[in-house]
Amino acid sequence: MSAIRYSILVLLVVWSVSAYPAYTKNDRQLKMDMRAEMNNINRITTITPLVEKKVNKNNAVNCSTTHRTHKTDRNKFQVYYNKAWFDQVCQTGLMWNQTACRCEYSKGDAAPLRCPDYRDHGKNSSKYEQLVNRKWVVRDCNLAVSGLIWNQTMCRCVWGPDSEENPVVYSVKSPCDTMFNATFETGLVDHAKSSFIELNPGAILSLRQIQGKTSTRAAYFQDAYLTVWYFAGNEMSDSLNIEFSFKADEKPSTKDNYQIIMSNGCNVTELGYTTPSIAIGFRAADQSFLLAFETTNVRKAIVCTRDLLPYQWHKVSLIYEDGTLLLRVDGQPCIISEEFRGPVQKTSCPMTIGADPLEKESRYVGYLDDMTVSRYCKQFDEADVHIPKKKVPKVPERSDPIENKIDVFSALA
Numbered sequence: 006m007s008a009i010r011y012s013i014l015v016l017l018v019v020w021s022v023s024a025y026p027a028y029t030k031n032d033r034q035l036k037m038d039m040r041a042e043m044n045n046i047n048r049i050t051t052i053t054p055l056v057e058k059k060v061n062k063n064n065a066v067n068c069s070t071t072h073r074t075h076k077t078d079r080n081k082f083q084v085y086y087n088k089a090w091f092d093q094v095c096q097t098g099l100m101w102n103q104t105a106c107r108c109e110y111s112k113g114d115a116a117p118l119r120c121p122d123y124r125d126h127g128k129n130s131s132k133y134e135q136l137v138n139r140k141w142v143v144r145d146c147n148l149a150v151s152g153l154i155w156n157q158t159m160c161r162c163v164w165g166p167d168s169e170e171n172p173v174v175y176s177v178k179s180p181c182d183t184m185f186n187a188t189f190e191t192g193l194v195d196h197a198k199s200s201f202i203e204l205n206p207g208a209i210l211s212l213r214q215i216q217g218k219t220s221t222r223a224a225y226f227q228d229a230y231l232t233v234w235y236f237a238g239n240e241m242s243d244s245l246n247i248e249f250s251f252k253a254d255e256k257p258s259t260k261d262n263y264q265i266i267m268s269n270g271c272n273v274t275e276l277g278y279t280t281p282s283i284a285i286g287f288r289a290a291d292q293s294f295l296l297a298f299e300t301t302n303v304r305k306a307i308v309c310t311r312d313l314l315p316y317q318w319h320k321v322s323l324i325y326e327d328g329t330l331l332l333r334v335d336g337q338p339c340i341i342s343e344e345f346r347g348p349v350q351k352t353s354c355p356m357t358i359g360a361d362p363l364e365k366e367s368r369y370v371g372y373l374d375d376m377t378v379s380r381y382c383k384q385f386d387e388a389d390v391h392i393p394k395k396k397v398p399k400v401p402e403r404s405d406p407i408e409n410k411i412d413v414f415s416a417l418a
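Under our numbering, residue 418 is the last one in the sequence shown; the count climbs by one each step, no gaps.
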């Protein structure tokens, strides 16, 4: 019996040593891992180094039921939707990688080899055309700068012979520049810049009559999301304002996940994923809001909660000005921060509305209305939120040691 007891004791010691290696890790890193596992939002809230990753067995993705290689064209792939396979085109120069389940540059390619989806405008050298959903859409080289012209050989905008490589300088006294304004009253229209709003292939976006709001129609999202290319490469400035109203659908499949209402992250660059500098999401289970925000010096993911009815209409407004960030929900402060400095980080990605393009489980299901994005606005009123000039008090929130205390963005900076 003593030999048996000794064997059991040895096994318990060996098990205790091997079963708890995680506790030797940094506590902050452990909590980060816990947060990622619990909420499945690590791709949204984690900044990863922009280096090219080699595909191996550990990071391979099995998406054969939803995506597959095109039979004749490496620049294309197919997506399964509604019991049929639809052709999709990778960005110019990218090839479909079935193992990684995404478009990537071919090994050794430093630049696009051909330019089938882009062409000269024909009449205006500062513009070009892009093939989107089998239609040629006019794009403008000079979204945030002046002096760029289209070069078909290089398949990109380049500096013209009489231009200077300097961004457009806006006066502090210049009025608000509305980058995007969609009321959804008369259709899928941008009333600010008349930008082309791209609807994902095969999806249907319905405009429905609604009650209890000042407007009469709102967009209903289910399998749809919108892409606004005006934001790609365009500066967001150090003074930004975002407003929208939403009403989430009551669905068991979405209540425990953060539904991303807007994000400017994507997977269309040479180096792979581009994390968003702005992303706003909502989780109905605990009435919490997720804000991913990045400026030139700080990257943070912040979660706040509000005591509200999760499936009713709510208005969200974000104001960032002179280093002060304020997120309001129904007129009440939810996030107040003075940790950010400088302009909001611009990305090469469009703005995606109704989903995070890096996480398909994040699609928003519900109504969305009256969305505006403006820059260069000087409208922040400190007295309105009752905070002093230098010191910002913490807003009372529900106790959530993982959600509210882990700062994934700054931890990786």
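No residue lacks a Cβ here, since even glycine has one placed at the ideal position from N, Cα and C. In this text, all values refer to a predicted model and were calculated from it rather than measured experimentally.
Assumed close pair residue i, residue j - CB separation to whole angstroms, cut-off 8 Å
| i | j | result |
| --- | --- | --- |
| N186 | H196 | 4 Å |
| N269 | M356 | 5 Å |
| S293 | V308 | 5 Å |
| Q425 | D122 | Summary: the structure shown does not reach residue 425, with the chain confined to residues 6 through 418, and so no result is reported for it. |
| Y278 | L363 | 6 Å |
| S282 | Q227 | With a Cβ gap of about 27 Å, S282 and Q227 do not count as contacting. |
CB of residue i within 8 Å of CB of residue j, strictly
| i | j | result |
| --- | --- | --- |
| Y263 | L295 | yes |
| A237 | A208 | no |
| R380 | L245 | yes |
| Y372 | I265 | no |
| G347 | D243 | yes |
| E203 | T158 | no |
| R222 | E190 | yes |
| L153 | V137 | no |
| M100 | N80 | yes |
| M267 | A284 | yes |
| A360 | S367 | yes |
| T224 | D374 | The identity of residue 224 in the sequence shown is Ala, whereas the question assumes Thr. Closer than 8 Å, so yes. |
| G305 | E344 | Note that residue 305 is Lys in the sequence shown, not Gly. Yes; because the gap between Cβ atoms is below 8 Å, this pair is in contact. |
| V86 | T70 | Before going on, a small fix: residue 86 reads as Tyr here, not Val. Against a cut-off of 8 Å, the Cβ pair of T70 and Y86 comes out as no contact. |
| W318 | K365 | no |
| V142 | F201 | yes |
Helix, strand or coil at residue i [DSSP, three-state]
| i | result |
| --- | --- |
| Y235 | helix |
| C68 | coil |
| E366 | helix |
| H319 | strand |
| G371 | strand |
| M184 | strand |
| T29 | Bear in mind that a pLDDT of 36 at T29, under 50, signals an unreliable position, so the model cannot answer this. |
| D38 | Note that D38 scores a pLDDT of 45, beneath 50, so its modelled location is shaky; the value from the coordinates is reported in the next line. Correct three-state label for D38: helix. |
| P338 | strand |
| T352 | coil |
| T221 | coil |
| G165 | coil |
| K128 | coil |
| P393 | In this prediction, P393 scores a pLDDT of 42, lower than 50, which makes its location untrustworthy; the coordinate-derived value is nonetheless stated afterwards. In the structure shown, P393 sits in coil (DSSP, three-state: anything other than H, G, I, E or B). |
| L331 | strand |
| N45 | Confidence is the limiting factor: at N45 the pLDDT is only 37, short of 50, which leaves the residue's position unreliable and the question unanswerable from this model. |
| A208 | coil |
| K426 | Since the displayed the chain opens at 6 and closes at 418, residue 426 lies outside it and no answer follows. |
| N147 | coil |
| T280 | coil |
| Y381 | coil |
| M267 | strand |
| T104 | coil |
| Q227 | coil |
| F249 | strand |
| D361 | strand |
| L55 | With a pLDDT of only 32 at L55, under 50, the local geometry of the prediction cannot be trusted, and the value read off the model is given with reservation. Reduced to three states, the DSSP call for L55 is coil. |
Proximity to residue i [Cα-Cα], best of the options
| i | options | result |
| --- | --- | --- |
| F91 | H72, W101, N102, A105 | H72 |
| I505 | L330, K132, S211 | Not covered by the structure: residue 505. The range shown for the chain is 6 to 418. |
| P257 | V94, Y123, Q103, V370 | V370 |
| D327 | R304, T300, A306 | T300 |
| V94 | K132, S69, T70, C120 | C120 |
| P338 | W318, R311, K351 | R311 |
| S211 | F201, L193, K198 | L193 |
| G286 | N272, F249, R304 | F249 |
| K132 | N147, N272, C271 | N147 |
| N272 | H319, Y86, E109 | E109 |
| L314 | I324, H75, V303, K260 | K260 |
| C106 | T74, E240, G127, A89 | T74 |
| K198 | V378, T104, N67 | V378 |
| C382 | I324, N239, L332, I340 | I324 |
| D78 | C68, N102, N67 | N102 |
| I340 | V303, N302, A297 | A297 |
| D254 | R288, P166, E240 | R288 |
| M376 | T188, A89, C68 | T188 |
Any non-hydrogen atom of the ligand NAP within 7 Å of residue i CB
| i | result |
| --- | --- |
| Q157 | The ligand NAP is not among the ligands present in this structure, which contains no ligands whatsoever. |
Within-8 Å CB hit, residue i to chain B
| i | result |
| --- | --- |
| I324 | Judged by its chain identifiers, the structure shown contains no chain B, having just a single protein chain. |
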